[in-house]
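Here is the structure we will look at, set down as structure tokens.
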Amino acid sequence: MDKPRNRFKLLCLTIFAAAFGYIEAGVVVYLRAIIYPEGFSFPLKNIPQNLLATEIYREIATLIVLFTLAMLAKHRLFKRLAFFLYAFAVWDIFYYIWLKVLINWPSSLLDWDVLFLIPCVWSSPVLSPVIISMTIIAWSQVLLFVGKKTGKPRMTGAQISLLLLSGALMLASFFWNAPVIARQQAPVSYPWAMLIAAEILSFSALYSFLKSAKATP
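Anchor point for the sequence shown: position 124 equals 125 in our numbering, and the numbering is continuous, going up by one each time.
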């Protein structure tokens with residue numbers, strides 16, 4: 002009975018995240034029409050402080066909406082976490098899908114984008130957050146599987162360390178060009194090796210976590 006319920010909830014989360022991704026994309030379309038009427042590109046233009054503050058608080062509000070949606074689920078913490086991760090990742094992927102539909106951007110998955118503004122400008126080719134979002138979806142599904150099998154999934158210290166290091170490398174790759182962008186220059190290169198290392202660490206932790214759960218009687 003639990004499996005059909007999870008599938009239904011994941012379907013509802015997918016629909017919500019896709020719709021919310023459209024809202025996010027719509028806001029960005031409006032912002033680009035105001036700030037980049039000739040088309041978005043680097044180096045970034047100076048944004049009026051009122052618009053910048055509005056955008057930063059909008060990003061915070063977006064995360065709050067996704068988080069509180071997951072918290073509404075009457076489940077254990079691991080399920081709430083899994084639902085949040087899933088909703089966040091699907092929202093992020095659909096954000097780019099809707100931008101492609103609305104303004105035919107990006108023209109390539111290697112086009113550069115601004116991801117977040119907190120605490121500084123996050124930037125990378127579009128492909129990077131898409132890859133990470135797919136990894137997050139994989140983690141959400143494994144959390145649900147392990148939680149169903151063990152009742153209360155637990156990670157070892159080694160698995161947590163791998164995951165934290167992976168996350169740190171992912172963040173570092175996004176911050177890599179922050180000093181360049183702060184000087185109002187265009188980013189030159191993205192540290193793909195850093196992202197690859199982060200993905201290897203993440204999937205190593207995922208494999209170990211899943212293997213230990215399967216070994217649980």
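No residue lacks a Cβ here, since even glycine has one placed at the ideal position from N, Cα and C.
S190 counts as exposed, since fewer than 16 other beta carbons sit within 10 angstroms of its beta carbon. Closest by C-alpha distance to G152, out of M72, W106, E60 and R77, is R77. Comparing C-alpha distances from P188 to each of F43, R155 and M156 shows the shortest one belongs to F43. If you ignore the 5 residues before and after D114, its C-beta comes within less than 6 Å of the C-beta of V127, all in its own chain and listed in chain order. Pairing I132 with P49, the inter-Cα distance amounts to about 32 Å. Per the coordinates, the alpha-carbon of R33 lies some 44 Å from the alpha-carbon of A159. Fewer than three Cβ pairs drawn from the stretch 133-150 and the stretch 58-66 lie within less than 8 Å of each other, which leaves the two stretches out of contact. If you look at S205, you'll find it in the alpha helix (DSSP H) that goes W193 to K215.
Residue pairing by DSSP places V115 opposite S124 in a beta bridge. Ranking A179, S129, A83 and V122 by CA distance to the CA of K10 puts A83 first. A187 carries a coil assignment under DSSP once its states are collapsed to helix, strand and coil.
In the three-state reduction of the DSSP assignment, T157 falls in the coil class. For L70, the enclosing alpha helix (DSSP H) covers residues Q50 to M72.
In the three-state DSSP reduction, P44 falls in the coil class, being neither helix nor strand. Note on geometry: alpha-carbon atoms of S124 and F175 lie some 5 Å from one another.
Per DSSP, Y97 is one residue of the alpha helix (DSSP H) stretching across L78 to I104. One Cα belongs to V147, the other to S209, and the distance between them is close to 12 Å. Judged by DSSP in its simplified three-state form, W140 adopts helix. Nearest Cα to K215 within the set Q185, K150 and W177: K150.
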